[in-house]
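Step one of this worksheet: look at the structure below.
Residue numbers (full-length UniProt numbering): 1 to 80.
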């Protein structure tokens, strides 16, 4: 997950993933490493955080993650 140290949506995404049983989340801090921000933007086409990946699949931001959860599509991604 691309993140910053002060992003409330990043924390909400973390909390949701932990509630679904995810124990470890790889965090890439774009506020500490500007080159990572450039990589994130090139990879996702987006400028905002969080940018969440499950495996190699780009999920998007917190709203996208929450939408998947509400539709019942998040858990299948997490267990595969």
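Where a beta carbon is used, it is the ideal one built from N, C-alpha and C, also for glycine.
Below 8 Å between beta carbons: does that hold for residue i and residue j?
| i | j | result |
| --- | --- | --- |
| residue 1 | residue 26 | yes |
| residue 61 | residue 9 | yes |
Counting along the chain, where does the alpha helix (DSSP H) carrying residue i start and finish?
| i | result |
| --- | --- |
| residue 43 | 34–44 |
| residue 57 | Residue 57 -> not in any alpha helix (DSSP H); beta strand (DSSP E) instead, spanning 57–60. |
| residue 1 | No alpha helix (DSSP H) holds residue 1; DSSP gives it neither H nor E. |
| residue 14 | 8–19 |
| residue 79 | 74–79 |
Can you tell me whether residue i is buried or exposed? The criterion is at least 16 other CB atoms within 10 Å of its CB, across all chains shown.
| i | result |
| --- | --- |
| residue 75 | exposed |
| residue 19 | exposed |
| residue 49 | buried |
What does DSSP give as the partner residue(s) for residue i in the beta ladder?
| i | result |
| --- | --- |
| residue 91 | Residue 91 cannot be examined here, being either before or after the span of the chain that is shown, 1 to 80. |
| residue 28 | 2 |
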